[in-house]
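Residue 640 is where the sequence shown starts when you use my numbering, and the numbers rise one by one after that.
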Amino acid sequence: MKNRIVLSLALGFVGTSLAAADGPITFEYTAQRDGGFLIPAHQTPDTIGFTPIPLVLTDPLIVEIKSLEVEITGLTHTSPEDLELYLIDPFGTILELMSDKGGSGDITGMNLIFNDAGVPLPPDGVALTSGAIYQPEETPGLSGTFSGQAAGPGSWTLYIIDDSLADSGSLASWTLRGTAVPEPVTLSLLALGALAFMRRRRA
């Protein structure tokens, strides 16, 4: 009787664990630091102002990307049309989020969200709207570019390029959130180990 109870519990654990692995999990990671991140201008006509801001996904359950969203927080710049924003995954896949948008007027503390379900970015020379949800500039978008790829643990990078000598700015933080296919949880392995132990005892 005791063996049957242990066996039933083990089978129940396996069923529960596999069921939990069927649905997607959500995640959210933010890169930030005191004082924010500086966005330097060109230093000379022959250089470009690069600002790579890494963000590391540490959850071992995040195995395969299903959907993504990028949030830019506290963007300040004296000429946003000088900027190019790119998202790069741990394997070097690159998606252009925005390039030369927002006009030449100063922006302070602007928040932007990039989501495939957002509205198109405004034409060149037209101001951006803080709090707006925009589609990435490059097709096929976030899901089309990264869905199905291995996700983590690994380092993602927001690359900001300033292509002007005169203007500069800063960024408070950026966030990567989305859904992913999870790895089967450790409980499944424990349950399978219990089954193997019971079989050995019965033999």
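Virtual Cβ for every residue (Gly too), placed ideally from N, Cα, C.
- Within its own chain, the residues whose Cβ lies closer than 6 Å to the Cβ of Ile752, once the five positions on either side in sequence are excluded, are Glu710 and Ile772, listed in chain order.
- For the 8 Å CB-CB criterion, Gly787 and Ile701 do not form a contact.
- Taking Val820 as the centre and dropping the five residues before and after it, the same chain places the C-beta of Pro663, Val702, Glu703 and Lys705 closer than 7 Å to its C-beta, in chain order.
- DSSP lists Ser812 as the beta-bridge partner residues of Gln671.
- In its chain, beyond the 5 residues on either side, Ser794 and Thr796 have a beta carbon closer than 6 Å to the beta carbon of Pro693.
- Between Asp721 and Asp806, the alpha-carbon positions lie close to 8 Å from each other.
- By the CB criterion at 8 Å, Ala766 and Gly731 fall outside the cutoff.
- In the three-state reduction of the DSSP assignment, Gly741 falls in the coil class, being assigned neither a helical nor a strand state.
- Gly770 places its beta carbon 8 Å or farther from that of Gly748.
- Of the candidates Tyr668, Pro759 and Ser809, Ser809 places its Cα closest to the Cα of Gly675.
- In this structure, the beta-carbon distance from Leu707 to Met737 does not fall below 8 Å.
- Assignment of Phe753 by DSSP, reduced to helix, strand and coil, places it in the strand class.
- For the pair Phe689 and Ser718, the Cα-to-Cα distance works out to about 16 Å.
- Non-local beta-carbon contacts of Thr818 in its own chain, meaning distances under 6 Å to residues more than five positions away in sequence, involve Pro663, Thr665, Lys705 and Ser706 in chain order.
- Contact between Leu724 and Ile799 holds: their C-beta atoms lie close to 6 Å from each other, under 8 Å.
- DSSP places Phe666 within a strand segment (E or B) once states are collapsed to three.
- DSSP assignment within the region 701-728 yields the following whole beta strand (DSSP E) runs of 3 residues or more, N-terminal first: 701-716 and 722-727.
- A direct Cα-Cα distance of roughly 28 Å separates Arg672 from Ser782.
- At the C-beta level, Ala670 and Asp801 stay beyond 8 Å of one another.
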